[in-house]
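Note sheet for the following structure.
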Amino acid sequence: MINGLVTALGDHDNDSVRQRACEALARISQRGAANEVIKALMVTLRKPNDHIVQSYALKALGNIGQKATINEVINGLVTALRDRTELIRQEACLALGKIGEKAATDEVINGLVTALKDQNHNVEWNTCRALESMGKKAATNHVINGLITALEDNDDGVGYNARVTLVAIGEKDSISVIATSIRPGLIISLWKGVNFTRQLLFKYNKPFIPIHHMEAPALTVRFRTKWFLSGVHTSIH
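This is the structure:
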């Protein structure tokens, strides 16, 4: 039965069949056959040139990992983060995001920080989301520095997801005040900053300081708190 479901992952004509096969494999693994299912999926991951099958094998591994963290699953996903195929790297990030905090090993986090610099924006977006799902366990200096670098990405979606992730993994006690430049500047940039500030204020319930854009550099150097983030006219101190 397991081999039949793994074969169904390769049904190139029917996405619904592939999705149901993923779900069925996850259910079977919960009934005591996890090792057998994982073994079959890992064999599938190592098959070259069939990226559709591999991507659905990764989906299945993510579903399995949600219920029970198994080292072999994590190791397979970390390896997939380094795959030459963009689809495989993306699905590996998605699977790790499904598993969440249970996947937050040093090896996984290091792999995701590397993936923040991927040439494919979809991979970068899903890397941010995977880190977000790991919460405070992902709040290392290595991760924070990687996300701050991602704020300057030439793709707006990557920068946005990096900001959201920094908020998600940050600890309330490490933020004392939220400051945002409100003028002068491009309307779109200012709007992004103010909109993002609203999210921060709702989440952290911290004092808000409106700043004139030209005064911001002189003001921010005075802060001496735990960490500082700046991006799209928004600063967290």
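Everything in the sequence shown is counted per the numbering used here, starting at 66 for the first residue and increasing by one.
Backbone N, C-alpha and C fix where the C-beta goes; we use that ideal spot for every residue, glycine too.
Are the CB atoms of LEU212 and ILE243 within a distance shorter than 7 Å? no
Check whether the Cβ atoms of CYS158 and LYS124 sit closer than 7 Å, and answer yes or no. no
Cα separation between SER300 and MET66? Low local confidence applies: a pLDDT of 45 at SER300 is under 50, so the model's placement there is unreliable, and no value is given.
Which residues mark the beginning and the end of the alpha helix (DSSP H) in which LEU241 is found? Reading off the sequence, residue 241 comes out as Ser, not Leu. Run containing SER241: none; DSSP gives neither H nor E here.
Within 10 angstroms of the Cβ of PHE261, are there 16 or more other Cβ atoms? Answer buried if so, exposed if not. buried
Hey, out of ALA91, PHE273, ARG154 and HIS207, whose CA is closest to LYS188's CA? The sequence as given places Val at residue 188; Lys does not occur at that position. Among ALA91, PHE273, ARG154 and HIS207, the Cα nearest to that of VAL188 is on ARG154.
Given ILE209 as reference, the closest of VAL232, ASP220 and ASN219 once Cα atoms are compared: VAL232
Beta-carbon spacing of VAL82, ALA91 below 7 Å: no
Of the choices GLN119, HIS207, GLY141 and ARG194, whose alpha-carbon is the least far from that of GLN84? GLN119
So which of ALA105, ARG111 and LEU142 has the shortest CA-CA distance to THR192? LEU142
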